[in-house]
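The letter at position 72 of the sequence shown is residue 1458 when you use the working numbering, and the numbering goes up by one with no holes.
Positions of the beta carbon are idealized from the N, C-alpha and C atoms, including for glycine.
Data block below; observations after.
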Amino acid sequence: MSVINGVEMGVTLAGMSMKNPIVVASGTFGFGREYGQFYDISELGGICCKGLTLHPREGNPPPRIAETPMGILNSVGLQNPGVDRFIAEELPYLRQHDLKIIANISGNTPEEYGIMCEKLSDAGVDMIEVNVSCPNVKCGGLQYGTVPEMTAEVTECAKKHAGDVPVMVKLSPNVTDITAIARAVADAGADAVSLINTIRGTRIDVKTRRPVLHMNTGGLSGPAVLPVAVRMVWEVANAVHIPVLGMGGVAKGEDAAQMLLAGATAVAVGTACFADPYAPLKVRDGLAALAAEQGLQSVSELTGGVTPW
């Protein structure tokens, strides 16, 4: 059902039609099996699957999750079964549900991204989300997403091997000017961008005088990052002409509305799922209620509707 409270909830993201604008963010929803015990995940617009790498990864040693005021820090380290096992074991399960399947991928070289895009395109996912917050092993570990030229190289490689499947690039907020990265991605042929990924941070145990996380630093997510995320979505939406999937701290309908007003076409819910499995559905319904209160016919009328002072 795409109409809620008399509001049409359907949106189109880079040619991909969704029954509503709510997807779940990569790394927070697994492959949907656990949350499927609470409700039919077909109620979602889409799922950004747990990040995949070319080969299986065990991830970082614990402790790798730490709570913070208004959020969490994580350094899970891309633990995943690898792209081949995802296609063989997880994709058939997801195909039983009426939602869009967005495969998130990470690589250490452009060639790895290309191989995964080809495999996933052949397998028939609906969209590929390219995570560029990954170290380039040829450049001393410098993240792809921090240098426009490197981001463009990965984007071009992904597009070349993705066939007809749309490619969405997930932008890192850990940069001086996110619009420069967004422009490089758009010029390289990306069909959409998603943002923001997590913000680097750390916590120190004052008794042991050691970082709480084994890897010393981690990615901050949750409500604390919402204002940063909304600001970056607004900047990017005004800098490029490709659609935006907004994320970062979304926990209720009003948060999602902020993302849309800033210029996003759709919204991802992530860390909120850890506190409340039903958070994505509550965000969807809260957004519908807000749109109905404002007399809107379609939720898409919110997109780009902010009026700066």
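Euclidean distance between Cα positions of residue i and residue j
i: Arg1471; j: Gln1683; result: 42 Å
i: Asn1406; j: Pro1613; result: 23 Å
i: Ser1492; j: Arg1443; result: 11 Å
i: Glu1498; j: Val1469; result: 11 Å
i: Phe1660; j: Val1511; result: 25 Å
i: Met1654; j: Met1633; result: Contrary to the premise, residue 1654 reads as Ala rather than Met in this sequence. Cα to Cα, the separation comes out at about 5 Å.
i: Ser1607; j: Ala1650; result: 19 Å
i: Thr1541; j: Val1592; result: 42 Å
i: Ser1580; j: Met1618; result: 11 Å
i: Gly1681; j: Lys1556; result: 33 Å
i: Asp1563; j: Val1622; result: 10 Å
i: Pro1559; j: Tyr1425; result: 32 Å
i: Pro1448; j: Pro1694; result: 44 Å
i: Ala1578; j: Thr1398; result: 11 Å
i: Glu1687; j: Met1601; result: 43 Å
i: Glu1475; j: Arg1596; result: 39 Å
i: Arg1569; j: Asp1662; result: 36 Å
i: Ala1572; j: Tyr1479; result: 33 Å
i: Asn1494; j: Met1395; result: 38 Å
i: Thr1414; j: Asp1550; result: 27 Å
i: Met1404; j: Ser1388; result: 9 Å
Status (buried if at least 16 other CB within 10 Å, exposed otherwise) for residue i
i: Arg1419; result: exposed
i: His1627; result: exposed
i: His1441; result: exposed
i: Ile1590; result: exposed
i: Trp1620; result: buried
i: Asn1517; result: buried
i: Pro1629; result: buried
i: Gly1691; result: exposed
i: Ser1412; result: buried
Contact check, residue i vs residue j, beta carbons under 7 Å
i: Val1343; j: Ala1452; result: The first residue shown for the chain is 1387 and the last is 1695, placing residue 1343 beyond what the model contains.
i: Asn1391; j: Ala1678; result: yes
i: Pro1534; j: Ile1567; result: yes
i: Ile1519; j: Asn1583; result: It should be pointed out that residue 1519 corresponds to Ser in this sequence rather than to Ile. Yes, the Cβ-Cβ distance between Ser1519 and Asn1583 is below 7 Å.
i: Pro1496; j: Ala1400; result: no
i: Lys1545; j: Gly1575; result: yes
i: Gly1463; j: Gly1445; result: yes
i: Ile1514; j: Ala1548; result: yes
i: Glu1429; j: Leu1646; result: no
i: Ala1665; j: Gly1635; result: no
i: Val1561; j: Thr1594; result: no
i: Met1402; j: Lys1486; result: yes
inquiry  = Quick check for students: name the residue ranges of the beta strand (DSSP E) that lie wholly in the stretch 1628–1685, counting only runs of 3 or more.
reply    = 1630–1633, 1652–1655
query = Which whole runs of the beta strand (DSSP E) in the stretch 1546–1605 are 3 residues long or more, in chain order?
reply = Here the runs fully enclosed are 1553–1556, 1578–1581, 1585–1587.
request  = At 4 residues or longer, and completely inside the stretch 1457–1495: list those alpha helix (DSSP H) runs for me, N to C.
outcome  = 1477–1480
inquiry  = So, does the stretch 1478–1492 touch the stretch 1430–1439, judging by three or more C-beta pairs under 8 Å?
reply    = Here the stretch 1478–1492 makes contact with the stretch 1430–1439; the two share three or more CB pairs at distances below 8 Å.
task = Flag this pair as touching only if the stretch 1629–1648 and the stretch 1658–1675 have three or more C-beta atom pairs under 8 Å; answer yes or no.
result = yes
message = Restricting to runs no shorter than 4 residues, where is the alpha helix (DSSP H) found entirely within the stretch 1401–1451?
response = none
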